[in-house]
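Residue numbers (the UniProt record's numbering): 1 to 434.
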């Protein structure tokens with residue numbers, strides 16, 4: 001039976017009386033107020049000795065636990081500005097969601113040793129924004145968020161690291177004003193580690209924490225730290241962010257049941273059952289559906305086609321939108337609402353055979369769909385899916401068979417496009433890393 005990691009959080013941090021620490025380059029920093037708590041340390045505002053404003057963040061972690069070493073090693077290894085700038089130039093990126101590590105240092109106090117990391121200070125975390133917006137973002141916004149996270153994951157993966165803890169609490173807004181923000185930053189590198197695909201199965205130990213069970217990939221449940229696992233974790237977040245309930249949410253916090261549900265409801269060879277449980281009736285052209293299907297085709301050893309994944313997500317942006325425009329976190333009344341306990345959605349599927357549509361088939365398909373809001377028509381709820389004439393518009397027909405091998409939609413259109421090979425914590429109301 002899988003158990004929660006025995007790496008106990010340690011947030012008992014002793015600070016110097018004068019509140020001043022010196023980094024490895026002899027730069028002095030003044031520690032300000034507490035603005036966030038993590039699993040293994042605290043985050044404070046900070047300023048350098050020449051500034052009057054606390055415009056930086058300092059994360060202080062007590063030495064002696066593995067995560068403190070992981071995060072420091074990660075920043076030392078690949079988070080230096082020249083490395084990041086080279087990647088951005090290579091990929092043509094104007095912005096990048098990996099926080100720049102400005103300074104590293106350590107100090108000793110009261111018979112304890114501490115490491116600290118200095119970064120820029122950012123805005124709220126995405127989980128706070130998610131709660132403020134009734135646990136639902138517009139799909140186009142989710143695609144934009146995922147593109148920026150995917151950029152960071154590609155950089156990490158190219159350098160041999162996996163994140164292992166993607167969740168809203170580990171995503172910070174780049175601006176204190178959410179209405180003007182067009183950039184996010186991925187944080188939470190205390191679980192970042194090297195890919196371990198060559199390690200024997202018997203020696204693998206899953207790193208599971210009470211706050212990352214919901215989004216944890218199946219590879220991570222098995223103790224395999226893979227690139228595919230990071231992408232699957234991102235996909236689970238995306239499904240949640242658009243307002244859908246993950247099939248294993250009802251099993252929280254029982255880790256064994258959550259793990260069993262993930263393997264039962266989401267096969268490595270087929271994502272169909274997962275789609276049916278999350279979305280009910282869905283479109284094969286939906287960008288999130290296509291993103292997950294692309295991940296499903298990967299093996300543990302696969303190098304993901306980041307370019308193809310990015311193109312899929314770009315197809316989900318609204319007309320006239322761009323990656324450089326601010327995020328829109330509020331949803332419109334007419335936007336699709338997904339299969340949550342509060343409200344469900346309809347995402348139409350165009351089948352290749354129009355003769356398969358019948359009253360009985362539509363009735364079966366609608367078993368997964370709850371009542372529509374009073375006075376609303378289908379086309380008002382699904383603005384991004386065109387409602388065609390009755391002769392040309394069909395819904396997907398689901399088999400009623402219970403055997404998993406029979407769970408497949410009728411005559412799915414396969415995507416034959418040739419792909420080009422391309423190269424997360426305690427909750428806090430404060431605006432920095434949690």
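By construction, the Cβ of each residue, glycine as well, lies at the ideal position given by its N, Cα and C atoms. For clarity, every value in this text was computed on a predicted model and none was experimentally measured.
What did DSSP end up calling residue 249 once you bin it into helix, strand or coil?
helix
May I ask you to verify whether the segment 149-160 touches the segment 124-140, counting CB pairs closer than 8 Å and requiring at least 3?
Segments in contact, no.
Could you tell me which residues DSSP pairs with residue 29 in its beta bridges?
Partner(s): 21 and 48.
In whole angstroms, what separates the C-alpha of residue 224 from that of residue 300?
8 Å
Where residue 173 falls, given that 16 or more other Cβ within 10 Å makes a residue buried
Residue 173 comes out buried.
According to DSSP, is residue 106 part of a helix, a strand, or is it coil?
Here residue 106 sits in strand by DSSP.
Using CA coordinates, which residue listed in 103, 89 and 93 is at the minimum distance from residue 79?
Ranking 103, 89 and 93 by Cα distance to residue 79 puts 103 first.
What does DSSP give as the partner residues of residue 435 in its beta bridges?
For the chain, the structure presents residues 1 to 434; residue 435 sits outside this window and is missing.
Hey, how far is the Cα of residue 24 from the Cα of residue 175?
29 Å
How many angstroms separate the CA atom of residue 66 from the CA atom of residue 271?
35 Å
Using only the alpha-carbon positions, how far apart do residue 253 and residue 213 sit?
Roughly 8 Å separates the two Cα atoms.
With DSSP collapsed to three states, give me the class of residue 194.
strand
Note down the Cα distance separating residue 303 from residue 216, rounded to an integer number of angstroms.
20 Å
Measure the Cβ-Cβ separation of residue 53 and residue 59 and say whether it is below 8 Å.
no
According to DSSP, is residue 173 part of a helix, a strand, or is it coil?
strand
Length of the line joining the Cα atoms of residue 295 and residue 231
7 Å
Here's a check: name, in chain order, each residue in its chain whose Cβ is nearer than 8 Å to the Cβ of residue 219, leaving out the five neighbours to either side.
Apart from sequence neighbours up to five positions away, the residues of its chain that approach residue 219 with a beta-carbon distance below 8 Å are 225, 226, 228, 229, 232 and 300, ordered along the chain.
C-beta atoms of residue 193 and residue 164 nearer than 8 Å
yes
Which value, in whole angstroms, describes the spacing of the CA atoms of residue 89 and residue 81?
12 Å
Which same chain residues end up closer than 8 Å to residue 147 when comparing Cβ atoms and leaving out the 5 residues on each side of it in sequence?
Excluding sequence neighbours, residue 147 sits near 310, 313, 314 and 323.
For the beta strand (DSSP E) holding residue 186, just list the boundary residues, first then last.
That run of the beta strand (DSSP E) goes 184-186.
Near residue 321, what residues of its chain come up, given a Cβ to Cβ distance below 8 Å and the 5 sequence neighbours on each side ignored?
If you ignore the 5 residues before and after residue 321, its C-beta comes within less than 8 Å of the C-beta of 140 and 144, all in its own chain and listed in chain order.
In the DSSP assignment, find the alpha helix (DSSP H) that holds residue 152 and state where it starts and stops.
139-158
Nearest-angstrom Cα distance between residue 278 and residue 305?
25 Å
Measuring alpha carbon to alpha carbon, tell me which of 267, 37 and 122 ends up nearest residue 182.
122
Between the alpha carbons of residue 441 and residue 250, how many angstroms are there, rounded?
Limits of the chain in this structure are 1 at one end and 434 at the other, which puts residue 441 out of reach.
Cβ-based neighbour list, residue 258, same chain, cut-off 6 Å, excluding 5 preceding and 5 following:
213, 248 and 251
Residues in its own chain within less than 8 Å of residue 18 by CB, not counting five upstream and five downstream?
none
Checking the sheet assignment: what are the DSSP bridge partners for residue 305?
DSSP output for residue 305 lists no bridge partner at all.
On the DSSP letters alone, give me the boundaries of the alpha helix (DSSP H) that residue 293 sits inside.
287-296
Considering Cα atoms alone, identify which of 117, 85 and 45 is closest to residue 30.
Per the Cα distances, 45.
Helix, strand or coil at residue 78 [DSSP, three-state]:
helix
By Cβ distance, which residues of its chain are closer than 8 Å to residue 34, with the 5 residues on each side in sequence left out?
42, 43, 44 and 430
Can you give me the C-alpha to C-alpha distance between residue 179 and residue 62, rounded to a whole angstrom?
36 Å
Option nearest residue 240 by Cα separation, candidates 39, 97 and 134:
Nearest neighbour of residue 240 by Cα position, chosen from 39, 97 and 134, turns out to be 134.
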